[in-house]
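Single-structure report; data block below.
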Amino acid sequence: MENTPQFLGRNVFDLDDYSAEEIMYILEAAKGMKEINLREYKKIPTLRGKTICTLFVENSTRTRMSFELAASRLSADVVSFQAEVSALQKGESLQDTVYTLDAMGIDLYCIRHSSPGSPQLVHKYSGKPVINGGDGRHAHPTQALLDIFSIWEKLGDIRGLKITIVGDILNSRVVRSNLIGMKKLGAEVTVCGPRTLMPSFMEEVYGCKVQYDLQTALKDADVVMGLRMQLERQTEGLFPSLEEYTKHYVLSKDTIKFAKKDALIMHPGPMNRGIEILPEIADSQQSIIVEQVANGVAVRMALMFLILGGKA
Amino acid sequence: MKTLIKQANTYIDGKFQICDLMIEDDKIIKIATHIADIADRVIEAAGMHLFPGFVDLHAHLRDPGQTYKEDIVSGTKAAAKGGFTTICAMPNTDPVTDNIAAVEYIHRRAKDLGYCKVRVIGALTKGSEGKEISEMATMQSGGIVAVSDDGKCVQNARLMTNCMKYAANFELPIIIHAEDYNLAGKGQIHAGKVASRLGLSGIPALAEEVIIARDTMLAASTKVQLHIAHVSSAGALELIQNAIAKGLPISCEVTPHHLLLTEEATATFDTNMKMKPPLRSEKDRAALVKALREGLIACIATDHAPHADYEKEREFDHAPFGVIGFETAFAVIYHHLVLSGELSLERLIEVLTEAPAKLFKLDCGRLAEGKAADMVLADLNQDIHIEADNILSKSKNSPWLNQRFKGKILYTFCDGKITWQAE
Chain A
162 MENTPQFLGR
172 NVFDLDDYSA
182 EEIMYILEAA
192 KGMKEINLRE
202 YKKIPTLRGK
212 TICTLFVENS
222 TRTRMSFELA
232 ASRLSADVVS
242 FQAEVSALQK
252 GESLQDTVYT
262 LDAMGIDLYC
272 IRHSSPGSPQ
282 LVHKYSGKPV
292 INGGDGRHAH
302 PTQALLDIFS
312 IWEKLGDIRG
322 LKITIVGDIL
332 NSRVVRSNLI
342 GMKKLGAEVT
352 VCGPRTLMPS
362 FMEEVYGCKV
372 QYDLQTALKD
382 ADVVMGLRMQ
392 LERQTEGLFP
402 SLEEYTKHYV
412 LSKDTIKFAK
422 KDALIMHPGP
432 MNRGIEILPE
442 IADSQQSIIV
452 EQVANGVAVR
462 MALMFLILGG
472 KA
Chain B
7 MKTLIKQANT
17 YIDGKFQICD
27 LMIEDDKIIK
37 IATHIADIAD
47 RVIEAAGMHL
57 FPGFVDLHAH
67 LRDPGQTYKE
77 DIVSGTKAAA
87 KGGFTTICAM
97 PNTDPVTDNI
107 AAVEYIHRRA
117 KDLGYCKVRV
127 IGALTKGSEG
137 KEISEMATMQ
147 SGGIVAVSDD
157 GKCVQNARLM
167 TNCMKYAANF
177 ELPIIIHAED
187 YNLAGKGQIH
197 AGKVASRLGL
207 SGIPALAEEV
217 IIARDTMLAA
227 STKVQLHIAH
237 VSSAGALELI
247 QNAIAKGLPI
257 SCEVTPHHLL
267 LTEEATATFD
277 TNMKMKPPLR
287 SEKDRAALVK
297 ALREGLIACI
307 ATDHAPHADY
317 EKEREFDHAP
327 FGVIGFETAF
337 AVIYHHLVLS
347 GELSLERLIE
357 VLTEAPAKLF
367 KLDCGRLAEG
377 KAADMVLADL
387 NQDIHIEADN
397 ILSKSKNSPW
407 LNQRFKGKIL
417 YTFCDGKITW
427 QAE
């Protein structure tokens, strides 16, 4: 695999900093990484001597494991810093935390934080490249890349594909990053959910379509993505009950039939089976939900490799 | 001690004229085309502009209680640099300025150590907790000019009605910070395109507008003088216009940042663009400029709100709301709105001087014989450069950092004393 200087030392705050060509280049690199993950000995020496820090100020075992596995398979040393937001509020600031970590010689940060814009702060304080592993409702570019990778792997060219994303759009960083990436690659994206869970100005900001009716939203879709519906939105007064939500927005055999036959079924996880998606769909032949997880490691390996300038 | 300012382009009752102006001690004693009398000091001011000292109805001096952000000395020094000679201090100090002893403390400190005159706004409710009416009449005997719970907003309409009746009883104006807490929620920036893009919680204009609708209705029934602080949306202006059209004694102010910046400024997560109400859309901003030009907005107020670096230097949604404004108010508006022809220089000076003074019946804001010598001498062709290092306020949370603006204030006189002199 060839490395290219244009990726060296770059941040991945969100996908708007990357051109369509660059996104495709990352996907190609991820393809190579995926092949490594299928080997019996899943490790290459390319980032030996580099130190990658996962800085997680919001719980996420899955994403952290994916980043750490990716780093390990490239032979980087991995250190993990985990804190509760509340602890960071009361005690040491993010600035001081990063100064402390930086003094230990970190080459790359992978950050998860509940505050939008915090990856930019980590870069500001450390001067080191930062991969955003999810910042509040703002962005989750590695998830978007792995989603796009998964579609590309199955369906080829993204251009012209009809992609429908269903659920709590308001609270989803996955949607925001996916919209940027998918639109750049020429997909037609429709977002669907109840009005109370739909941000304003979606058409203007992202150039996507907005639908409030699931059946209309799913019409002729090549790809259907469900999103995690959180119970706490009910207590926030955004919808009356999970039961009523499910009645109108669940991905089931009955609703998915409006999409194209064999449409890909996706979900960023963790799933609430029976709420936003029924097992009959989540576990169907069309579903690539488990593969998305595998692709996540490959995509994160590709980014680390490109940013830190690994040698193949 | 006599000082003669010669041939400045001088703002007198709404018009500019080139003339000489003589001050003796703390008073203006003579204004004439040419003054031949002998003075102890003569300032040759041809080509320069002489304005009445600026008046700010809305400032946070953080003293007592948060003097790491600002205190009466640093705050008034910064105000003097910005041309202000009278500022009104909001009561959200720690403890809250809700009693006469607290009012007297601020007056005494300002009189002994200050670089401009400080008038006090007392709390509307005790502790600004929105539960019980403050002892506003007692504070009035100590010299407060208005009452407000600024930074907070009385949510209980019944209590607000009683506050209004009570304030009307003593002819005290009420200043409101219009914010419905439920609608504002955990909002960080304007609920617009940028909030949708950044995933930050939004503060809708409706959060401001429903309170303005409520309080203008309550004001109509209680006949209180109501002043609406830092108006920010086109919808709010419409409500205020309707209320004023009914002949009610209602007024509003606008800040320099709401006149000049929009939600786009928050797109880089710059916490110096975070304040309440938030920077709104371009449509709102344009409506504010028009309303200021046409007179619906009575005056400019800075809402000078200092916060320490380490408070602002953090995750966007954990940083406090507010920006400083004393040192930049005149220059940023002159540079952006007067030079572009959107606002006349006369109107800019009016809304910084006479207009706010009139609202709270302050005896200042005009250049006339016998009046206090509160004046600003400016060179509109010279630049100021805003850098953290040259900001006099203790806090550096300015939205204008590292920018240059035309309109340099060379001297500020307060009661005839030079309180600011540019290098």
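Protein sequences appear in the order of chains A and B.
Using this note's numbering, read the first sequence as starting at 162 and increasing by one per residue.
Using this note's numbering, read the second sequence as starting at 7 and increasing by one per residue.
Don't be surprised by glycine CBs; every beta carbon is placed ideally from N, CA and C.
Counting contacts by CB-CB distance shorter than 7 Å, is residue i in contact with chain B?
{"i": "G278 of chain A", "result": "yes"}
{"i": "S254 of chain A", "result": "yes"}
{"i": "Q376 of chain A", "result": "no"}
{"i": "A463 of chain A", "result": "no"}
{"i": "H301 of chain A", "result": "no"}
{"i": "S361 of chain A", "result": "yes"}
{"i": "A473 of chain A", "result": "Note that A473 of chain A scores a pLDDT of 49, beneath 50, so its modelled location is shaky and nothing firm can be said."}
{"i": "V173 of chain A", "result": "no"}
{"i": "G297 of chain A", "result": "yes"}
{"i": "R209 of chain A", "result": "no"}
{"i": "R273 of chain A", "result": "no"}
{"i": "R334 of chain A", "result": "yes"}
{"i": "Q281 of chain A", "result": "yes"}
Pick out whichever of the options has its Cα sitting closest to the Cα of residue i.
{"i": "T416 of chain A", "options": "A:Q391, A:L392, A:T377", "result": "A:T377"}
{"i": "L373 of chain B", "options": "B:I37, B:R320, B:I181", "result": "B:I37"}
{"i": "E356 of chain B", "options": "B:I44, B:K12, B:P58", "result": "B:P58"}
{"i": "C214 of chain A", "options": "A:V366, A:C271, A:K195", "result": "A:C271"}
{"i": "N175 of chain B", "options": "B:E270, B:K87, B:A225", "result": "B:A225"}
{"i": "M96 of chain B", "options": "B:F90, B:R125, B:T425, B:T268", "result": "B:R125"}
{"i": "N168 of chain B", "options": "B:G149, B:T131, B:T144, B:G198", "result": "B:T131"}
{"i": "M381 of chain B", "options": "B:I112, B:E348, B:D43, B:K123", "result": "B:K123"}
{"i": "T258 of chain A", "options": "A:V239, A:K203, A:L282, A:L235", "result": "A:L282"}
{"i": "R265 of chain B", "options": "B:E300, B:K377, B:A235, B:I339", "result": "Residue identity differs from the one stated: residue 265 of chain B is Leu in this sequence, not Arg. When each option's Cα is compared against that of L265 of chain B, the closest is B:I339."}
Determine, using beta carbons only, whether residue i comes closer than 7 Å to chain A.
{"i": "E356 of chain B", "result": "no"}
{"i": "D186 of chain B", "result": "no"}
{"i": "K199 of chain B", "result": "yes"}
{"i": "L204 of chain B", "result": "yes"}
{"i": "F322 of chain B", "result": "yes"}
{"i": "F60 of chain B", "result": "no"}
{"i": "F275 of chain B", "result": "yes"}
Just to confirm before moving on: does the CB-CB distance between residue i and residue j stay below 7 Å?
{"i": "K280 of chain B", "j": "A325 of chain B", "result": "yes"}
{"i": "G266 of chain A", "j": "T212 of chain A", "result": "yes"}
{"i": "I29 of chain B", "j": "G371 of chain B", "result": "no"}
{"i": "Y417 of chain B", "j": "L383 of chain B", "result": "yes"}
{"i": "L176 of chain A", "j": "S338 of chain A", "result": "yes"}
{"i": "G430 of chain A", "j": "G387 of chain A", "result": "no"}
{"i": "H233 of chain B", "j": "S257 of chain B", "result": "yes"}
{"i": "N15 of chain B", "j": "H55 of chain B", "result": "yes"}
{"i": "A45 of chain B", "j": "L67 of chain B", "result": "no"}
{"i": "K323 of chain A", "j": "D374 of chain A", "result": "no"}
{"i": "V385 of chain A", "j": "I426 of chain A", "result": "yes"}
{"i": "V260 of chain B", "j": "I303 of chain B", "result": "yes"}
{"i": "V151 of chain B", "j": "F327 of chain B", "result": "no"}
{"i": "T308 of chain B", "j": "A86 of chain B", "result": "no"}
{"i": "V160 of chain B", "j": "L178 of chain B", "result": "no"}
{"i": "L285 of chain B", "j": "L298 of chain B", "result": "no"}
{"i": "A51 of chain B", "j": "I78 of chain B", "result": "no"}
{"i": "N278 of chain B", "j": "V329 of chain B", "result": "yes"}
{"i": "M145 of chain B", "j": "G157 of chain B", "result": "no"}
{"i": "A379 of chain B", "j": "D62 of chain B", "result": "no"}
Leaving out five residues before and five after residue i in sequence, what residues of the same chain have Cβ atoms less than 6 Å from its Cβ?
{"i": "P255 of chain B", "result": "Q231"}
{"i": "I390 of chain B", "result": "A337, F411, K414"}
{"i": "S333 of chain A", "result": "L388"}
{"i": "Q409 of chain B", "result": "I392"}
Considering only residues of the same chain and omitting the five flanking positions on each side of residue i, which have a CB-CB separation below 7 Å?
{"i": "S227 of chain A", "result": "G457, V458, R461"}
{"i": "S413 of chain A", "result": "L439, E441, I442"}
{"i": "K289 of chain B", "result": "A240"}
{"i": "S276 of chain A", "result": "D296, G297"}
{"i": "F275 of chain B", "result": "F322"}
Considering only heavy atoms of the ligand PLP, does any lie closer than 6 Å to the CB of residue i?
{"i": "I390 of chain B", "result": "Among the components of this structure there are no ligands whatsoever, and the ligand PLP is therefore not found."}
Please list, in chain order, all residues of the same chain as residue i whose beta carbon is under 8 Å from its beta carbon, the five residues on each side excluded.
{"i": "D178 of chain A", "result": "R171, N172"}
Length-filtered (3 minimum) beta strand (DSSP E) runs lying within the region 154–230 of chain B: As far as the region 154–230 of chain B is concerned, its whole beta strand (DSSP E) runs of at least 3 residues are 180–182.
Suppose only complete runs of 4+ residues qualify. What are the alpha helix (DSSP H) ranges in the region 357–409 of chain A, listed by chain order? Considered as a whole, the region 357–409 of chain A harbours 363–367, 375–379, 393–396 as its complete alpha helix (DSSP H) runs of no fewer than 4 residues, in chain order.
Sequence ranges, alpha helix (DSSP H) only - wholly within the region 244–321 of chain A, length at least 4: The DSSP assignment places complete alpha helix (DSSP H) segments of no fewer than 4 residues inside the region 244–321 of chain A at 246–251, 255–264, 279–287, 302–316, in order along the chain.
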